[in-house]
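Working notes, structure below.
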Amino acid sequence: MKKVITYGTYDLLHEGHLNLLHRAKELGDYLIVGVTSDSFDRGRGKLNVRNNVLERVEAVKATGYADEVIIEDYLGQKIDDIQRYNVDIFAIGSDWVGKFDYLNEYCKVIYLPRTEGISSTMLREQTEEVYRIGIVGSGRIARRFVPETKVVNSVKATAVFDPNKESADAFAAQFGVKAYFDKYEEFLENVDAVYVASPHLTHYDYTKQSLYAGKHVLCEIPFMLSAAQAYELYDYAEINNLVLLEASKTAFCPSFNHLVTLVKSGVIGDVVDVKTSLSKMVSAPTRELDVVQAGGAMNEHAPLALMAIIKLLGKEYSDFDFHSKVENGVDVYTKVVLNYPHATSSATLGIGVKTEGNMVISGTKGYVYVPAPWWLTSFFEVRYEDQAKNKKFFYSYDGDGLRYEIQEFMSMIVNHRKSSYKLRRRDSVTVAEIIEKFNLRENYKEI
Ligand code: C2G
259 MKKVITYGTY DLLHEGHLNL LHRAKELGDY LIVGVTSDSF DRGRGKLNVR
309 NNVLERVEAV KATGYADEVI IEDYLGQKID DIQRYNVDIF AIGSDWVGKF
359 DYLNEYCKVI YLPRTEGISS TMLREQTEEV YRIGIVGSGR IARRFVPETK
409 VVNSVKATAV FDPNKESADA FAAQFGVKAY FDKYEEFLEN VDAVYVASPH
459 LTHYDYTKQS LYAGKHVLCE IPFMLSAAQA YELYDYAEIN NLVLLEASKT
509 AFCPSFNHLV TLVKSGVIGD VVDVKTSLSK MVSAPTRELD VVQAGGAMNE
559 HAPLALMAII KLLGKEYSDF DFHSKVENGV DVYTKVVLNY PHATSSATLG
609 IGVKTEGNMV ISGTKGYVYV PAPWWLTSFF EVRYEDQAKN KKFFYSYDGD
659 GLRYEIQEFM SMIVNHRKSS YKLRRRDSVT VAEIIEKFNL RENYKEI
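In our numbering, the protein residues as written are 259 to 705.
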């Protein structure tokens, strides 16, 4: 029996795909089709795929050409598959000519003619609705945001709001958007969605006003400084069919997502300890060191670190405590410990104390090591007692990494999804709750 294998995303399955699958099937007796996973596609820069992997697998099955459908999830998998399934022919469209010649070592490689005049990109563009996003704040993160919107479908940055007219104008001139500085309502009237990147203490008000005006909101970290505020706004968004998402960058990155799925699937056994660390040294004068502007290591860095712990261990922690070094009223260093019935965790956060910014997840069978800076990593390793079993994982982390959260936000809007499995609302509320406990100085000790 002659076995043929082919791979693809098969987004918005079209005639080009049908022709390709038909031709591939005719090359042999048994056709295996590898459909790319969502994270694999994101990892290879295909950010704007419209159908999720389950929908794409169903579409391929419905063509009737595939005898077997498998998921392609990692770089190098084609070599593994060809050997594992005893494949005779690897077939792929002619847009890939030359790219897969290296597979000749394992089987015959055939490039099939590509159907001209149709592609998933074309279909996506034809059916695409573009949402105007307005940016509140014109600081460092807002500047990194605009270029990242350009690689995501369905969104265009069109406006900026900053009460400081000069900053708003400078930002508008640099990025080709319209500036607003006094009337927030007017800014809201001219956008469909809002990215809140203003100082911490203003997040709640700007987000609330935007939601009340019927706009979807992506809000920077720290999202809210109390659980009640987070609850209230998520509730309002839910009832009013609006998307509200915490811009917890790392939560949406391909590497971190895969790490969570691997750990949940038991590769290191039961998780017993999660240690994360995040430090960025700052020097005065800066808002991070200003008590009036909710400065401090905890408000600054806890959102990402706690998000990671909660995603790995859940929100049902049994007790917690904080140990801080304080200067001029702000914590320049905080160690937060969260204990669970069967696990413990800690985050060491610094703005005036330097820590090693890695993450180590210890389990009963092995551990995961994510080197610094873990929050924007493109690499991690699963390690065991028997080092021969260690496995390294590499991912792309494109641009400034904001594209992943923007893509998730837009996909939620376009597909009318109000929650994201990458960052559940209840997890986001728990992060706010722990930050609130710190700001109330519960279980708190100065060192
Ligand atoms: N195709 C085609 N004609 C088109 C469009 C696509 O023949 N008009 C073919 C592609 O050449 C490919 C298959 O259909 O063989 C799937 O295409 P995509 O969904 O675009 O997936 P792709 O990114 O090509 O996947 O591991 C993934 C593969 O390496 C490539």
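Note that CB positions come from ideal geometry on N, CA and C, so glycine has one too.
Span of the alpha helix (DSSP H), counted from its first residue to its last, around ARG661: It spans 660-672 - the alpha helix (DSSP H) in which ARG661 sits, taken as one unbroken run.
Cα-Cα separation, ASP346 to THR294: The alpha-carbon atoms of ASP346 and THR294 are separated by roughly 21 Å.
Contact test: HIS280 Cβ vs the ligand C2G heavy atom, cutoff 7 Å: Taken from the Cβ of HIS280, every heavy atom of the ligand C2G lies 7 Å or farther away.
Helix, strand or coil at PHE439 according to DSSP, with G and I counted as helix: Here PHE439 sits in coil by DSSP.
Reduced DSSP secondary structure (H/G/I, E/B, other) of GLU585: Note: GLU585 maps to strand in three-state DSSP.
VAL391 - DSSP class collapsed to helix/strand/coil: Checking the displayed sequence, the identity of residue 391 turns out to be Ile instead of Val. Strand.
Straight-line gap, LYS583 to VAL618 (C-alpha atoms, nearest Å): Near 23 Å, if we compare the C-alpha coordinates of VAL618 and LYS583.
According to DSSP, residues forming a beta bridge with PHE477: With the sequence shown as reference, residue 477 is identified as Cys, and Phe is not the correct amino acid for it. In the DSSP secondary-structure assignment, CYS477 is bridged to VAL454 and GLU504.
7 Å CB neighbourhood of ASP237 in its chain, flanking five on each side removed: This structure cannot speak to residue 237, because the chain is shown only from 259 to 705.
GLY610 Cβ short of 7 Å to the ligand C2G heavy atom set: Not under cutoff, so the answer is no.
Ranges of the beta strand (DSSP E) found wholly within the segment 331-359, counting only runs of at least 3: Counting whole runs of 3 or more residues, the segment 331-359 contains the beta strand (DSSP E) stretches 347-351.
Option nearest ASP589 by Cα separation, candidates ILE567, ASN616, TYR598 and GLU558: Ranking ILE567, ASN616, TYR598 and GLU558 by Cα distance to ASP589 puts GLU558 first.
Extent of the continuous beta strand (DSSP E) to which ARG545 belongs: Where ARG545 is concerned, there is no enclosing beta strand (DSSP E), given that its DSSP letter is neither H nor E.
Beta-carbon spacing of LEU520, VAL628 below 8 Å: Pairing LEU520 with VAL628 gives a Cβ-Cβ distance that is not under 8 Å.
Rounded C-alpha distance that separates GLU443 from SER484: The straight-line gap separating the alpha-carbon atoms of GLU443 and SER484 is approximately 25 Å.
GLU330 CB to nearest heavy atom of the ligand C2G below 7 Å: Within the cutoff, so yes.
Alpha-carbon spacing of ARG684 relative to LYS573, whole angstroms: ARG684 and LYS573: Cα-Cα distance of roughly 8 Å.
Check: ARG372 C-beta below 7 Å from any heavy atom of the ligand C2G: Yes, since a heavy atom of the ligand C2G falls inside the 7 Å radius drawn around the Cβ of ARG372.
Through-space distance from ASN310 to ALA451, alpha-carbon basis: For ALA451 and ASN310, the distance between alpha carbons rounds to 23 Å.
For TYR265 and VAL532, the rounded distance between their alpha carbons: Approximately 37 Å between the Cα atoms of the pair.
Bridge-paired residues (DSSP) for VAL640: For VAL640, the pairing in a beta bridge is given by DSSP as VAL626 and LYS649.
Identity of the residue in ILE391, VAL611, SER576 and VAL672 nearest ALA555 by Cα: Comparing Cα-Cα distances from ALA555 to each of ILE391, VAL611, SER576 and VAL672, the minimum goes to VAL611.
Any non-hydrogen atom of the ligand C2G within 7 Å of THR268 CB: Strictly speaking, residue 268 in this sequence is Tyr, with Thr absent from that position. Yes, Cβ of TYR268 sits closer than 7 Å to a heavy atom of the ligand C2G.
Where ALA471 sits in the DSSP three-state scheme: Correct three-state label for ALA471: coil.
For GLU704: DSSP bridge partner residues: Listed as beta-bridge partners of GLU704 by DSSP are SER582.
Proximity test, THR321 beta-carbon vs the ligand C2G heavy atom, cut-off 7 Å: For THR321, the Cβ stays outside the 7 Å cut-off from all heavy atoms of the ligand C2G.
Segment contact, 8 Å Cβ cut-off, at least three pairs: the segment 666-675 with the segment 406-415: The segment 666-675 makes contact with the segment 406-415: 3 or more CB pairs, one atom from each, lie closer than 8 Å.
Close beta carbons around PHE637, own chain, < 6 Å, minus the five adjacent residues each side: The beta carbon of PHE637 lies closer than 6 Å to those of PHE652 in the same chain, with the five residues before and after it left out.
GLU614 in three-state terms, based on DSSP: Note: GLU614 maps to coil in three-state DSSP.
Neighbour-count burial assignment, LEU698, 16 or more Cβ in a 10 Å radius: Classification for LEU698: exposed.
The ligand C2G heavy atom lying under 7 Å from the CB of SER396: Not so, every heavy atom of the ligand C2G lies at least 7 Å from the Cβ.
The ligand C2G heavy atom lying under 7 Å from the CB of GLY351: Result yes, Cβ under 7 Å from the ligand C2G.
6 Å Cβ shell around ALA495 - same chain, five flanking residues per side excluded: LEU469 and LEU502.
Spatially closest choice to TYR625 from ASP338, GLY524 and VAL550, by CA coordinates: For TYR625, the closest of ASP338, GLY524 and VAL550 by C-alpha to C-alpha distance is GLY524.
Between the CA atoms of GLN341 and GLU694 - distance to the nearest angstrom: The alpha-carbon atoms of GLU694 and GLN341 are separated by roughly 54 Å.
LYS522, DSSP secondary structure in three states: In the structure shown, LYS522 falls within a helical segment according to DSSP collapsed to helix, strand and coil.
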